[in-house]
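Scroll down for the structure; my scribbles are underneath it.
There are 2 protein chains.
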Amino acid sequence: MGYSVGQVAALAGVTVRTLHHYDEIGLLSPGERTRAGYRRYTEPDLDRLQRILFYRELGFSLEEIATILDEPGVDPMTHLRRQHELLRRRIGRLQEMVAAVDKAMEAQTMGISLTPQERFEVFGDFDPDEHAQEAEERWGGTDAFEQSRRRTAAYTKEDWLRIKEEAGEVVRDFAAAFEAGVPADDVRAMDVAERHREHLGRWFYDCSPEMHKGLGDMFVADPRFAANYEQVAEGLAVYVRDALHANAERRS
Amino acid sequence: MGYSVGQVAALAGVTVRTLHHYDEIGLLSPGERTRAGYRRYTEPDLDRLQRILFYRELGFSLEEIATILDEPGVDPMTHLRRQHELLRRRIGRLQEMVAAVDKAMEAQTMGISLTPQERFEVFGDFDPDEHAQEAEERWGGTDAFEQSRRRTAAYTKEDWLRIKEEAGEVVRDFAAAFEAGVPADDVRAMDVAERHREHLGRWFYDCSPEMHKGLGDMFVADPRFAANYEQVAEGLAVYVRDALHANAERRS
DNA sequence: CGTGTGGCCTGACGTTACGGGAGGGTCAAC
DNA sequence: GTTGACCCTCCCGTAACGTCAGGCCACACG
């Protein structure tokens, strides 16, 4: 019953030391121990190890893997879909690199030399998402940004759809309250603001009330964000900011 | 003229510290320095950096990259072909993983649970080459084995063809001398043995005369290797061993 | 002509994900 | 009942950087 470290190591193609390490940092602790202190790995442990190795191979850090695996309420199927999506992306990236190599070969045979930009473009625009670059410039290096980047890295298309739906719901509720003439510091508006904050915490990063206030300011100051609300209703951006502020005051 | 660290870092999407590090370890030292000591990267430096990042992305260690890049007599085209080959392999591996995920999804929806072996098989047979596993068992952990593994990791199909051809030539020459009645300790036989040793050094690992002798012994003792020679001419394995021994004596 | 301000320099210590060995217990087998 | 394979827990080492700290350098601006 159960597998010893050596057996698991041989099975999974890792060293015993690696398993010890995963135990040390709490990433994978064997379900049982013999009275002599020997590690005994159970079937679910193997399952978890398989996932660990998978995400590791795709370049995730062990800490990231821990948060991915310990996300509450994710069934095996979600993991598989996520893995599928990640593989697809990674293969796409490698195919881009193939294209770049092909281009370089062509240039080489033609005797043309590439510009520095051309040479690095496959490395440069790591994510084809312009928003990500903007975010980097604004919040680059902050904890929140890092946390967000790490978490979103593993989201599937379906995750994103759910996020969009949730976000849309919040905006609609804000708009409804706004048009109904509910004051921004009314509990009803503040409750929506709080849901917005929770939404961020669930999907992106832990957003303190203080940070949430700053975010509200930006919704007004930055036309790119403001447009998101203004196109729903004129004056909504300011309303949302006020609601976030009011909610932050209430929370602190 | 030339690029500063910051410019290169921005261009290539790496940090300044990374470039400092590469300079420290001698992997990429800027072609010039200003009188104030500022690094100035030239066009060839960018070229080299691009290759470094390429091989790095594919999982090579910086030490391995250094040996790959500093291999004498490799033109840009060879690198490009090699990169193409590596990408192809890597994509193939990822596609295997996709297949494994698909299988797991199927099993999941069917309610079947996979055996431990099935779960890890995509990680297990890391290299589909049975010879590599045998080699690991015999020489696992030795410097020569490590060196060989590192170097061969980057060989293209064309490299392997050339290796095979070279090796075949040596065997034919051994066979010719053997059948012509040339004694194994004759200079002509010993010269072929020396060429064999150089062949190993060029493509696999630095083979000392002492190691070469051991290798000769194995050609006789291990039927798997012996067959290689015996199928060319009966008694050739022993002849080759004797030639390797004689040459080793001469060399020491 | 001083004075920021941003970029660059060299240490030097911190971190991640293990590798590898010392020193010592455990256990099935001969 | 001892031997060899396997396991344990420290503990130090390594690779590839991250992250300051303390101090030049260079050029724009008043």
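Read top to bottom, the protein sequences are chains A and B. Positions in the first sequence are counted from 1; adding 14 to them yields the working numbering. Positions in the second sequence are counted from 1; adding 14 to them yields the working numbering. Cβ coordinates follow ideal geometry from the N, Cα and C atoms, glycine included. Bear in mind the structure is a predicted one, so any value in this text is a computation, not a measurement.
Is the beta carbon of B:Leu100 closer than 8 Å to that of A:Ala3? Chain A is shown from 15 up to 266; residue 3 of chain A falls before or after that span and cannot be answered.
Report, in whole angstroms, the separation of the C-beta atoms of A:Val136 and B:His98, which I expect to be a contact under 8 Å. With a contact defined as Cβ atoms closer than 8 Å, A:Val136 and B:His98 miss out at about 14 Å.
Could you pull the DSSP bridge partners for A:Tyr253 from this structure? Looking at the DSSP output, A:Tyr253 shares a beta bridge with no other residue.
Pull out every residue of the region 16-50 of chain A whose Cβ sits closer than 7 Å to any Cβ of chain B, in chain order. Listed by position, the residues of the region 16-50 of chain A near chain B (Cβ gap below 7 Å) are Leu25, Ala26 and Gly27.
Residues in the region 100-120 of chain A with C-beta within 8 Å of chain B's C-beta atoms, listed in sequence order? From the region 100-120 of chain A, only Leu101, Arg102, Arg104, Ile105, Leu108, Gln109, Met111, Val112, Val115, Asp116, Ala118 and Met119 have a Cβ closer than 8 Å to chain B.
Closer than 8 Å, CB to CB, is B:Leu74 near chain A or not? Inspection of the sequence shows that residue 74 of chain B is occupied by Phe rather than by Leu. Closer than 8 Å to the CB of B:Phe74 there is not a single CB belonging to chain A.
Does any CB atom of chain A fall closer than 8 Å to the CB of B:Leu60? For B:Leu60, a Cβ of chain A is located within less than 8 Å of the residue's own Cβ.
Out of B:Thr56, B:Glu38 and B:Ile39, which has the shortest C-alpha to C-alpha gap to B:Glu46? When only C-alpha atoms are compared, the closest one is B:Thr56.
Spatial distance of B:Phe326 from A:Trp174 (CA atoms): Any property of residue 326 of chain B remains undetermined from this structure, which presents chain B solely from 15 to 266.
Which residues in chain A have a C-beta closer than 8 Å to the C-beta of B:Arg54? List them in chain order. Per Cβ cutoff of 8 Å: no residues; B:Arg54 is ~14 Å from chain A at best.
Looking at chain A, which residues of the region 82-101 of chain B have a Cβ within less than 7 Å of any of its Cβ atoms? Residues passing the 7 Å Cβ filter: Pro90, Met91, Leu94, Gln97, His98 and Leu101.
Taking the C-alpha atoms as reference points, what is the distance between B:Arg65 and B:Leu41? Distance from the CA of B:Arg65 to the CA of B:Leu41, rounded to the nearest whole angstrom, comes to 11 Å.
In terms of DSSP beta bridges, what is A:Arg53 paired with? A:Arg47, per the DSSP bridge assignment.
How is the alpha helix (DSSP H) around A:Gly106 delimited, first residue to last? Judged by DSSP secondary structure, A:Gly106 falls within the alpha helix (DSSP H) whose first and last residues are Pro90 to Met124.
What's the C-alpha gap between B:Gly230 and B:Leu258? Whole-angstrom Cα-Cα distance: 6 Å.
Can you tell me the Cα-Cα spacing of B:Gly215 and B:Glu208, whole angstroms? Straight-line Cα distance between these residues: approximately 11 Å.
Which stretch, first to last residue, makes up the alpha helix (DSSP H) that contains B:Ala23? Taken as a continuous stretch (DSSP letters only), the alpha helix (DSSP H) holding B:Ala23 covers Val19 to Ala26.
Name, please, each residue of chain B whose Cβ falls closer than 7 Å to the Cβ of A:Arg133. Contact annotation for A:Arg133 against chain B: Leu60 and Gln64 [CB-CB distance below 7 Å, chain order].
Assuming B:Arg62 and B:Leu83 make a contact with CB atoms under 8 Å, what is their CB distance in whole Å? About 7 Å separates the two Cβ atoms, so the contact holds.
Closest Cβ-Cβ distance between A:Glu263 and chain B: below 8 Å? Chain B contact via Cβ: absent.
Give me, in chain order, the residues of the same chain whose beta-carbon lies closer than 7 Å to that of A:Met111; leave out the 5 immediate sequence neighbours on both sides. Excluding residues within five positions, the ones whose Cβ falls inside 7 Å are Val136.
Under 8 Å between C-beta atoms of B:Glu246 and B:Val196: For the sequence presented, residue 246 of chain B should be read as Val rather than Glu. In terms of Cβ geometry, B:Val246 and B:Val196 do not form a close pair [threshold 8 Å].
Rounded to the nearest angstrom, how far is the Cβ of A:Met225 from that of A:Arg264, given a contact under 8 Å? Contact doesn't hold; Cβ gap of about 16 Å is too wide.
Report yes or no: is there a C-beta of chain B within less than 8 Å of the C-beta of A:Gln267? Because chain A in this structure spans residues 15 to 266, residue 267 of chain A falls outside the shown range and cannot be described.
Using DSSP with H/G/I as helix, E/B as strand and the rest coil, what is A:Ile39? Three-state result, A:Ile39: coil.
Please name the residues in the region 213-225 of chain A whose beta-carbon is closer than 8 Å to at least one beta-carbon of chain B, in chain order. For chain B, none of the residues of the region 213-225 of chain A brings a beta carbon within less than 8 Å of one of its beta carbons.
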